[in-house]
Each structure stands twice: as structure tokens, then as C-alpha cells.
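Take a look at the structure set out below.
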Amino acid sequence: MARWATVMQLFSLATYVGPVVEKITDKAVEGGVNGLQWVWANLEALFGVEGELDKLRRTAKRIRAILKDAEETRFIEDQTVREWLSDLKDFAYDVEDLVDEFQTGLDVAKLEKARLSSGSRKRRRPWDILPPCLTWVYRKWTILVKIKEIKEKYEEIKQRRNDFQLREGESRRRQQDRPQQNPQHAGSLRGDSLVVGLEEKKNEILMHLRQVGGVSGAPNSSQREGRSVPVVAIIGPGGIGKTTLARLVFNDEQIERSSFLKIWVGVSRDFDMCRITEEIIKSITEKSCRGLSLDLLQRKLRELVLGKKFLLVLDGLCRNDLSFWQTLQAPLMVGGEGSRVLVTARSEQVLTYLRPLPLSIIWLNGLDENDSWLLFRSYAFRQAPTAHDIGREIVRRCHGSPLAIISIGGLLYSRTEEEWRSILSDIPDPEDEAHVILSTLKLSYDYLPLHLKQCFAFCSIFPNGYEFDKEELVKFWIAVGLAKPRDNRSAEYLGRNYFDSLLRWSFFQGCNGRHNQKQKYKMPGLIHELAQSVSARECLRFENDALFGKSENARYALSCNFPMELPIFQKLYQNKKLRTFILLGENGTPTKQVPRDLYMNLRCLRVLDLRRNELTELPDSIGNLIHLRHLNLFGTQIERLPESLSSLYNLQLLELGDCKELVELPRGMSNLINLQYLGLHLDWEDCRHRWSDIFMPPGLSRLTSLHTLSRFSVSSESGGGISELKGLKLRGEICISKLEIVVVRDAVEASLRTKQHIETMMLRWTNCRSPASQSGGGRDVIEQLRPNSNLKHLWIENYKGAEFPSWLQDQSMNLETLKLYGCERCERLPLVGKLRNLKYLFLEGLHAVTGLGSLSGDGNFVGFPSLEIINISNLKNLERGFELVQDEMPCLRKLVILDCSNLLQLPQLPNSLEDIEIRECPALSTLPMLSSLQQLVLAKCGCEIIESIRQFTSLSSLTISQFPQLGSITREHLQDLTSLTKLKIDQCDNFDSLSSQHLVSLETLEISQCRAFSSLAGEGLPASLKDLRLQSCDSLTSLPEEGMPASLQCLAIGGCPTLEQRCQVGGGDWHKIQHIPHREIGENFTV
């Protein structure tokens, strides 16, 4: 009957609307481009949708006040009230979606009007306007039906309200009476905290790390596997400071001085062996190795740690099975003497299978009373403590947990004594509460303002141990409506402020990272548990094929650690109101295809993140996601995007970075009037020889909200020129390519000089002849492409002019990096020595340059005052290096020269230089004297240059490669290199002997692909040698009769068939190597 009633309603509507549509159509034709506006207004009169939505908006505003009041009430134990509040929150979400849908219809109408206004002036036929009219009639009708359903739902909720005595506005009054919380205590925005009470434990761990033999808590050494890496385990409950203690050890000066290879990996319950191994490798190399099998990962890890002393921290370990530890230890056993593993864990159960290993146990039971009070005072008191007794009791109830103390201390900062007493009464006593730490953290959460509670709860969809990028998280919050512009402050500003507030209150902590990496953040384990507990009704998470959380009204979902298949998607579709779906394709578990019906079933999505999945296309049905704000396709294999994407009028962020197969964007992208971020970043260095320019749709100048445009490819089509950039307030980075088709007029109009927030710019000509429109190879064009003086990094590629632009040597420029690639016709370099902030200079493919000359010009200043690195590559006709005057380049530390076949000489270089690499410079026969040089690489140069190495007495690392005529390196070459610790000789076919006895500091010796090398005999190997690697030395048939040095810790031999046989057990040389702890003999070894 209900279905029949609906049919009759539609029939009645059609009967009524028919004449109206006919009238509308006639009016539209008569009115030309104003017809559509008239259509929308008259449909509004027909249905009264706007009035009904205004009522709902007002209702939603009152609901937000009620919800805020309920949140401020905090302690609601009545399950009926909780369910009612949950229904009310769902209702508010539904209203927001409906209003958003209607507003989108208004935006579409405006766009359609603008499109018709810019189109042909010819008279339009009635049927041209009829399809959009019918579409809008249907859309308004569906909105009206939804309004009716929502109003009925609200009436039912409203009936239950009066029983709970929740009044809107009460929370606002309480907020006005409360002082603003902005604690300026020891917890800085970097996530650093004041650390107390851990110095003694830190020193105890450092002592165990120094020990080679038995350690406390370990069984007798005779029961151990001799080559297992010793483990130090920090055991204690959550929030007690295990990670902080491990970080103190990791960053201690003693560890730095001990030359450890430092590796930090955060692990969690869902980490399998592949992921842990991959993370260890990533920590060492700073590069991902996704998609490799466990066997290949372990081989790679084995090579990376072979003979090296490392400190591996496994933070937050949960695994306690024997196979895990056996598999983990296997590639680590080849590490150098003194290698250690430091583990943090909550439960001593993880020790069950560690006890056969060399093991130390550090029990962490919390801070003592005095340290707890010291930590609390630094966070809770603005000045001298006034509520001493109350504070002492609060500290006692924190059970010595630094996390709880910091959290509750931040909560109490600037509050009155009366509020302190109130909060004390809410903290459970340890004698009555088993989970006191988590309960205390929950109290800190309860006192957060509503907007921070919502942002915090959102984070629970991410797995434990997830490393948050601050800017990425803020973008998520903005997309789902948790951070909105207010009081003339942007959503980005407020979102960052929200994050900083959560960081101050210790809901986030900074991750351990390398100095040159972007700061990342984690939630402590207990904080993550808290986030999950307060968001159970709103958040879903799929991990390893298991579902965490279950609610048909869930709004946020994430899947990770396994490729999703159809049955899992079917489970997901039960949550029709999802606003966020994140499908992480990282850690080697990408999904290959997303079902087409996802975009039909999850129509409320505002965030869709499919990064790093192996997707090759998106279906047209993505156009159904009218609420979508955030679409992330980073690292996918997509070539083209469907044209229907141009109908996502609410889209604010479209991330297409690292999409190397992408060739074009939808032509209708200028419709995306709310788009702010169009990410098209590629690793320019990695991709510049094989990337193809993508087709840019015309009319991007209409996207007036756009502030990030990573790439722009100039087109000759109308609306595709560089002048489209004029009105865009861009920031960050931009690569402008196909500049060969730009004319001077358009270059002027682009106004790049006014874009003061762009920090990185690439100006790229296609590697072909410039058209006739560019006289002088584009010299006049590039002169007009002057960037703002705030630019920090500039890259000019394939420019065809004979001279560089004059602005490139303007002292007002603040460039830090300058890269000039493929500018084949330029004979002279600009006077870049005048650039006071220039740190990195890269020159490649400048074939017309014969001498670098003086690049500082005349003047009373030091040239290149900040320059640190020079990289010169493929300058085929370069004969002379820089002409330097005294004191120039005072900060230069690294020089790289590659493939400069005519280079004859180098000038006297500054003594600050520590690292030189010279390859494929056969005419270069000498090097200048450098007293501070520490690292030197020589490859494919004239043999005479070997004579220069004897003068570098501070050298610590020397590599000699591809010298086919080099016969030997004598005592005279090496005897003064008393600081040399590493020597590598590679691909020197005639090299047959080495005199290394006088290298008194040598620790690592590598000889590979030296076919004539036949003996290590002679004066013998240095007594300091720890690591010897021999690869593909066919003529080497035996080891020295006197044997190997006692200091040797690692021996690796591969590609030496006769020697390999002699080094097997029972072979002729076995007795010479059997004492060496780590041996790699056989074809699997590679240098």
C-alpha cells in the first residue's frame, strides 16, 4: 500500500507539474540565459523547499546547543539519555547532509546560468532546456520527501526531550564563566615534554647496551645462541613512560658517540613480520620497499646491517610467539659487535620466548611521589602553587603515570581552587579503580570543549601506532566539517589550532624521526584506546579482514593491512551514512579494484581516500558523491579521470600526486568552484627523464578558491594559457611546463612576481625547438616570468635561450636552491654568487659552458656566503672550474662532478670542503690540497689523479672505481692516511695488489670486480680491520698464510669460486676464518 501511495503521489505531481513545466520551458526560451534562474525560483514557489530548509537550519542550530550542553554535563550514565543524544546527533548529521544537497543544487543553477551566458547567443529551442528542468523538478521533489521524513523523525525525538532537562545555551554560559585554557607549560608544540624521574633507568639501560657478555635477568651464556642479538626490554603498564624512556636512550649522547646505526620502529598488535621488516628497512634507507616478499625483505635487511653495529628500538611490541623472534633475529645476526635490540612492551608475556636470548629486563613502575609532584607542578600551576593539598591528592591518584599527570595537569592549568576540588572528586581512587590511568585520561577528555572531542574521536579510525601528518589530519577535519571558518579565521588556521591544543594536552606525541624528515605524530597506546572507546558508535575500522566497531549510523571508516574484496565492501555498504572512507593501500597490501556500486551505496561520503592502491580507473558513478570534499588518489595507476568528476561541485581537495600514468584531467574541471587543492606533485628528480605533460582543462582561472596547483601544463587552447594563473592565489610549489608555446604578452599577464606564497617553482620547456613566436629561444619570455623574491627553490629545465634572465642574479632574491638543467645554449652562468641565501647549486647539461668563471661579479662582499653543496653533471665542454677569490664559499662542504669529459683542472677550493665525488672526468689529473677532506670518491678518471690522494690526511672514506689501467695502490699512496676507516676498490680490471698495512684506522675493506686481484698477502692486513668484503675477484684463490686479523668481525666472499671452496667447513682456509663471528660465503652475497 505504501508503494502504491507513493506512485499516486508521483502521478498527482506529474499531473500538476506538467502545465507548469510547459510554462517554464516557454519562459526559459523567451528569457534566454535568465530562464534557468526563473526556473529555479518558480520550482521553489512550487515546492516551498527553501522555507522548510530554513526551519531545519534553525532546528539544527538549537540541536547543536543541546548537544553541547549534554557534552558539558559530561557524566550521563542513563543509557536511555545516551541513546536519545545519539539519535539527536544522527538527526543533526542528516539535516546537514540535506541542506548541503540543496545548496549544491543552487550552485549548479548558478553555474549553468554562467555557462549559458558565455555560450552562443542564438535562440534556444524548448527541448534544449527541458532535461535540466525535469532533473531539477525531480531533485526538489526528492528533497521535499526527505524533509518530510526528517521532520517526522525530529518530532519523535522532540517528544523525549523534556524528560532529560537539557537546555540549550546553558553550556555557553558556563563557557563564558570559565577562563580560557591555553597552558604555556613544558609541553611545546613539537610534542616535547618535561622528563623527570627516568635518569637512573636511562643509565641502567645504557650500561646494559655497553655490555657484551652476560647481563642481569639473562640465563647462563652457555644456554644461549651465541650469535643472537642481545635484547633489552622495558616492561610496564600503559602510560607509565616506556616510550619516553626509550627515546631518552635513543637520543643520548653516548649512543651518538658510539656510532650506532640507529633504527626506530613503532609496532602494534596488527604488525606482521613483513611490515616490521619493511619498517626497519625504511628507517635505515628512508625509502619504501613495498610489495616485496618476506624473503626478499630479509635479504635486503641482512645486507643493510651486515657488519654494522646497530641499535634497533621496537616500541610497543605485543607479539610473544617463538616464530616471530626467530624470524626477526635471522637477518640481524650479521650485525656488528655491540648491536642491540631495545623493546618496550606492556606485558611480560612478550618475554616468554625472549628468555633463551641474551636479555636484560627493565621494570618501569611509575614515578615516585617527589618526581610525580615535580612533573605535576610544571604543568598545573601558572605561578606558585596555591592548592597544594588538593594537588598532592590528585597526584597520588595518578598512580605515578607521567601520561596521566601531564594530561590532568594541563586540564587544571588556570582553573580555580573550587574547580580543582570538583575535578579531584571525579578522579577514581587507585584502591577502588583498577584502570586508574585510563580513567584519568578519560576525565581529561571529558573536560575538552566539544570541537576538540569531535576531532579527537575522528582519529580513532586510524590503527594504533599510525603516524599522523598534521596538515593531512587538518584537511580531513575540514572535509568532514569538524573545522569550519569562524570569526574571520580560516578553517586551516582553526584546524591547526585544534591539533596544537590536543598536542599540548598530550593526546598526541611527536614521533622519533631523522632531523631532515617532516615531523610526524602518534597517539600513545592508552590514548588510542580512549579514542576508540569514545567513538564506538561513529567509527569503523577494518584491519586484517576483521571489523572493529559496528553501528548502522557510523560516519567514519578506514581499512588497512589487507586488500579489500567484494564481501568486505558489502559489509561496508550497511553503513549508508558514512562520511569518510579511507582505504590505505600502503604496507604492500593494495586493493586492485573498488566496486562500481560503492559510489552508489555511500552517497554521503565527504572524504574518499584511496591512496597507493593499484587502481587504474574510476567509474562514472563517482559523480553521485555530491557531498564529496576530499578525494585522494595519490600513488594510484590512474590514467584518466571520468568527466563526471566535474560534477563534484563541493570538492575542495583532489590529490593526484605521484600518479605517474596520469595523462589528462577532465575538461569540465572549471566547474569545481570550491576546489582549493589540486595536488599533482611528482618527484621531479626521479621523473624528469620520463614524465609526460598532462592535459590541463581550460578555464582554471575560474577556480578562484584554488591555492595549491602542483603542476600546470600550458596549452594553446583558449583558456589554457599561462595567463590563467593570474588571479589564482597560489602557494607551495608549482611546475609550469610547455613554456615553449608561451608568448611575452601572456607571460606578463601571468604575474608570477605577485605570488608571494610560492616557495618552489619549476620552469620547464619541452626538449624540442622553440616555435617562431619565441625569439631568442624564449629570452624575452623568461625575463617576464620573474618569481616573487620570497621563492626558495627554483628549477629551470630545457630553456633554449643563450642568456639566463637578469633577475636570477638579483641580490633581493632569497633562493636557497637553484637547479639549471638542459639549458644547452647558455654560454655563461648568471652571477649567482650574489644570492646570499643560496645553499644548493645544481648544473646539468649546460653544453655551451666552457668555464664557470667568477660568479660573484665586482663588489665588496663574500661570494656564495651560504653555499653548501655544488653538483655539476654532464657539462661536455667544461674545461675550467670556478674562479674563486679568497674567502668565497666559506660553508661549502660537498662537491660532486659527474661526466665532464673535458675538465682539466679545479681551482683551490675552500678548506671547509669535507666530501668530494668525481666520476667520468678522464682529463682531470690532479686535485687541489684540502686539509679537511673526509670522504672521496674517484671513478673513471685518469690514473694520475690517484697520486693526489696521499695529501688528504684527514680522509676517513675512500672509494676508487672504474680505473681499468690501475695496477696497484702502494704504500706511498696510503701511508699518511692514518684516519682512513673505509676503503673500497671496484671495477679495476688490472688492479692486482694493495699495501694496506699502514692504514692503522682501517675498519672496512671492500674489493669487488677486480679480475686480476690475486692475493691479500704481503705486509698483511691492518690489525684494526673489522669488515672484509671480496666480490668477483676471479684470480683470488686463497687467504694469507698468516690468517685473518683477530679484530675481524665480518667476512663476506662471493663470485670467487676457488676461494669459496677453500672457505667451506673442512676447506684449506677454514681454519683461518672459523673464529670470525659473521661469515657470508657464496653467490648470494653482493656488495
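Here the UniProt record's numbering is used: the first residue of the sequence shown is 1, the next is one more, and so on. Quick reminder that beta carbons are idealized off the backbone N, C-alpha and C, glycines included.
Are residue i and residue j touching if we call contact CB-CB under 8 Å?
i            : j      : result
TRP765       : GLY778 : yes
ALA380       : TYR413 : yes
VAL436       : ARG486 : no
LEU482       : HIS451 : yes
SER339       : LYS309 : yes
GLN532       : GLU552 : no
LEU558       : PHE462 : yes
SER737       : VAL714 : yes
ARG667       : GLU643 : yes
GLY679       : THR708 : yes
ILE969       : LEU938 : no
residue 1098 : VAL249 : Beyond the ends of the chain as shown, which are 1 and 1087, falls residue 1098; an answer cannot be given.
LEU526       : LEU438 : yes
Is any heavy atom in the ligand NAP found nearer than 7 Å to the beta carbon of residue i?
i      : result
VAL744 : Among the components of this structure there are no ligands whatsoever, and the ligand NAP is therefore not found.
Using the C-alpha atoms, what's the distance from residue j back to residue i?
i            : j       : result
LEU999       : LYS1026 : 13 Å
ASP54        : CYS289  : 54 Å
ASP87        : THR104  : 26 Å
TYR840       : PRO910  : 16 Å
ASP295       : THR589  : 16 Å
GLY1082      : LEU1059 : 10 Å
CYS1063      : MET1044 : 12 Å
GLN1074      : GLU256  : 32 Å
THR636       : ARG58   : 43 Å
LEU375       : GLY391  : 12 Å
LEU706       : SER812  : 28 Å
PHE581       : ALA491  : 21 Å
PHE864       : ARG836  : 6 Å
LEU530       : GLY585  : 26 Å
ILE205       : GLN254  : 12 Å
LYS522       : LYS755  : 35 Å
GLY699       : SER957  : 56 Å
residue 1092 : ILE235  : The first residue shown for the chain is 1 and the last is 1087, placing residue 1092 beyond what the model contains.
GLY881       : ARG640  : 47 Å
ALA92        : ARG82   : 15 Å
Exposed or buried, what is residue i when buried is set at 16 or more other beta-carbons lying within 10 Å of its beta-carbon?
i       : result
TRP1070 : exposed
ASN370  : exposed
GLU797  : buried
ASN650  : buried
THR352  : exposed
HIS208  : buried
LYS242  : buried
ASN671  : buried
MET929  : exposed
ALA546  : exposed
CYS891  : exposed
ALA246  : buried
ASN544  : exposed
VAL787  : The amino acid at residue 787 is misidentified as Val; the sequence shows Pro. PRO787 should be labelled buried.
Since residue i sits in a beta bridge, which residues does DSSP pair it with?
i      : result
TRP264 : VAL313
ALA105 : The sequence shown places Gly at residue 105, rather than the Ala named in the question. Bridge partners of GLY105: none, in fact.
ASN632 : ASP609, GLU655
LYS522 : GLN509
GLU543 : ALA546, CYS560
THR817 : HIS793, TYR840
CYS735 : ARG711, MET762
LEU895 : ILE870, ILE916
THR580 : TYR556, VAL607
Subject >> 4-residue-minimum alpha helix (DSSP H) runs that sit fully inside the stretch 661-720, ordered along the chain >> reply: Taking 4 residues as the minimum length, the alpha helix (DSSP H) runs contained wholly in the stretch 661-720 are 684-687, in order along the chain.
Original post:
Residue ranges of each beta strand (DSSP E) run of no fewer than 3 residues wholly in the UniProt domain "NB-ARC" (228-383), ordered along the chain?
Top reply: Within the UniProt domain "NB-ARC" (228-383), the complete beta strand (DSSP E) runs of at least 3 residues are 231-235, 261-266, 310-315, 340-345, 359-363.
**OP:** Taking only runs that begin and end inside the stretch 928-998, name each unbroken beta strand (DSSP E) of 3 or more residues, in chain order.
**Re:** Within the stretch 928-998, the beta strand (DSSP E) runs of at least 3 residues that lie entirely inside it are, in chain order, 935-939, 957-961, 982-986.
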